[in-house]
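Quick note, the sequences are listed as chains A and B, same order.
Using my numbering, the final residue of the first sequence is 354, and nothing's skipped along the way.
Using my numbering, the final residue of the second sequence is 249, and nothing's skipped along the way.
Glycine included, each C-beta is placed from N, C-alpha and C at the ideal position.
All figures in this text were calculated on a predicted structure; none of them were measured in a lab.
Encoded as structure tokens, the structure appears first; notes follow it.
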Amino acid sequence: MAASAALFDDHFIPVQGVETIPVADIAPWAMFGALIALIFLYFVSTEQGAFALFDGMYVHEFVHDGRHLLGFPCH
Amino acid sequence: MTKSLLWRGMVVGIVAAIIATMFARLTAEPQIDLAIAYESVHAAHYGDAPMPHEEEELVSRATQKGAGLLTAMMLYGAAVGGIFSLLFAYGYGRFGQAGPRSFALLLAALAFLLIVIVPGIKYPQTPPAVGSHDTVGLRTAAYFAMIALSVGGAVIASKLRAALVRSRKGIDATLLVVGAYITLVLLGQCLLPVVNEVPADYPATLLWNFRVAAILTQMILWATIGIAFGLWAEQVMRRQ
Numbered sequence: 280m281a282a283s284a285a286l287f288d289d290h291f292i293p294v295q296g297v298e299t300i301p302v303a304d305i306a307p308w309a310m311f312g313a314l315i316a317l318i319f320l321y322f323v324s325t326e327q328g329a330f331a332l333f334d335g336m337y338v339h340e341f342v343h344d345g346r347h348l349l350g351f352p353c354h
Numbered sequence: 010m011t012k013s014l015l016w017r018g019m020v021v022g023i024v025a026a027i028i029a030t031m032f033a034r035l036t037a038e039p040q041i042d043l044a045i046a047y048e049s050v051h052a053a054h055y056g057d058a059p060m061p062h063e064e065e066e067l068v069s070r071a072t073q074k075g076a077g078l079l080t081a082m083m084l085y086g087a088a089v090g091g092i093f094s095l096l097f098a099y100g101y102g103r104f105g106q107a108g109p110r111s112f113a114l115l116l117a118a119l120a121f122l123l124i125v126i127v128p129g130i131k132y133p134q135t136p137p138a139v140g141s142h143d144t145v146g147l148r149t150a151a152y153f154a155m156i157a158l159s160v161g162g163a164v165i166a167s168k169l170r171a172a173l174v175r176s177r178k179g180i181d182a183t184l185l186v187v188g189a190y191i192t193l194v195l196l197g198q199c200l201l202p203v204v205n206e207v208p209a210d211y212p213a214t215l216l217w218n219f220r221v222a223a224i225l226t227q228m229i230l231w232a233t234i235g236i237a238f239g240l241w242a243e244q245v246m247r248r249q
């Protein structure tokens, strides 16, 4: 523990008096957050590539450089 | 608590994306320009049919490099920052009692390893003019499968460790599950389809420079998320 304490020496802070955040508190926000994240990631990674909701190539061309850079398959 | 962590995670993700974009603009964009130049020379020389988007330039290069890149990075940053904060909310205090800053940093390092480095070994980031339009469906499916394998493997490894640690020392349990994770990933990499669409005369240095720039961009993104989110989460927890 001595070595890890020297590297990571910030202390554990209980959350509202308990050690963990209850799953019941996380679940609804997890659904909401995951949904938003999926929509965002879909448009960056896949729209007008492997799938297309909209016609044309505008979305693909607009996010083109980011798509290459983040490692998503492009042309 | 989750709500305040979630929106902070998304904001931190967007800020991290802006910093990463500035770095990418300086390092990766010159390589993308070179790749596009190669693409046009190649098409002219071999008389290939031009890519559909070359017939008319829908989005100018300036927009792609500027607003387009920034938008893509910010959407990505907000998405991964949000998911990161949710994992932080779940994992904090459940996997040992690390402080919020330490835990955020470890989680960010793990995310970088699991979703950037490990999938990138099988399907590395590629600049333009590598890869054909016809296989984009297969390549997308294979890439997402590789990410799912990497993340799923890590989840299995963590469950396995919890079971092993009852009868073994912590460090032995850790070594065993890291070995199990590597074995699983290697096996999956052998089974997933091989993608090699790099043209024979593609400049090797261009490929290398682009990949280094892409990986460093991701590293800056995840380092910023890990450091900034940790600081902010600590402040929120102290205040409550």
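With 16 as the cutoff for other CB atoms within 10 Å, does residue i come out buried or exposed?
{"i": "B:S141", "result": "exposed"}
{"i": "B:Q40", "result": "buried"}
{"i": "A:M310", "result": "exposed"}
{"i": "B:Q73", "result": "buried"}
{"i": "B:K131", "result": "buried"}
{"i": "B:V68", "result": "buried"}
{"i": "B:D210", "result": "exposed"}
{"i": "A:V294", "result": "buried"}
{"i": "A:E340", "result": "buried"}
{"i": "B:P136", "result": "buried"}
{"i": "A:R346", "result": "buried"}
{"i": "B:E66", "result": "exposed"}
{"i": "B:E38", "result": "buried"}
{"i": "A:H290", "result": "exposed"}
{"i": "A:H354", "result": "buried"}
{"i": "B:D143", "result": "exposed"}
{"i": "B:R247", "result": "exposed"}
{"i": "A:G296", "result": "exposed"}
{"i": "B:P109", "result": "buried"}
{"i": "A:I300", "result": "buried"}
{"i": "A:E298", "result": "exposed"}
{"i": "B:G179", "result": "exposed"}
{"i": "A:I305", "result": "buried"}
{"i": "B:A26", "result": "buried"}
{"i": "A:D344", "result": "buried"}
{"i": "B:T214", "result": "exposed"}
{"i": "B:A76", "result": "exposed"}
{"i": "B:G105", "result": "exposed"}
{"i": "B:S167", "result": "exposed"}
Going by DSSP, name the residue or residues bridged to residue i.
{"i": "A:F330", "result": "A:E326"}
{"i": "A:V294", "result": "A:V297"}
Within the same chain, show all residues whose beta-carbon is closer than 7 angstroms to that of residue i, passing over the 5 residues directly before and after it, in chain order.
{"i": "B:A182", "result": "R170, L173 and V174"}
{"i": "B:G162", "result": "Y190, L193 and V194"}
{"i": "B:V204", "result": "Y132, R148 and A151"}
{"i": "B:A223", "result": "A37 and Q134"}
Skipping 5 residues on each side, what residues in its chain have a beta carbon closer than 6 angstroms to that of residue i?
{"i": "B:Y47", "result": "A138"}
{"i": "A:V342", "result": "V323"}
{"i": "B:L79", "result": "T30"}
{"i": "B:M19", "result": "A87, G90 and G91"}
{"i": "B:P133", "result": "R220"}
{"i": "B:I156", "result": "I124 and P128"}
Is residue i a contact residue of the ligand SAH, with contact defined as CB to any heavy atom under 6 angstroms?
{"i": "B:G91", "result": "This structure lacks the ligand SAH; in fact it carries no ligand of any kind."}
Suppose the cutoff is 8 angstroms on Cβ atoms and the five residues either side in sequence are ignored; what does the same chain contact list for residue i look like?
{"i": "B:A29", "result": "M82, G86, T226, Q227, I229, L230 and T233"}
{"i": "A:G335", "result": "Q327"}
{"i": "B:W241", "result": "R17 and V21"}
{"i": "B:P212", "result": "L43 and Y47"}
{"i": "A:F351", "result": "V323, S324, T325 and G328"}
{"i": "B:P208", "result": "H51, A138 and V139"}
Worksheet item: Within the chosen definition, does the stretch 114-126 of chain B reach the stretch 230-242 of chain B through at least 3 CB pairs nearer than 8 angstroms?
Response: yes
Fill in: Continuous beta strand (DSSP E) assignments of at least 3 residues falling wholly in the stretch 106-183 of chain B
none
Worksheet item: Which runs of the alpha helix (DSSP H), 4 residues or longer, sit entirely within the stretch 30-96 of chain B?
Response: 61-64
Worksheet item: Counting Cβ pairs, one atom from each stretch, are 3 or more of them under 8 angstroms apart for the stretch 206-225 of chain B and the stretch 87-99 of chain B?
Response: no
Discussion item. Which complete alpha helix (DSSP H) runs does the stretch 173-234 of chain B hold, if anything under 4 residues is left out?
Written reply: 179-200
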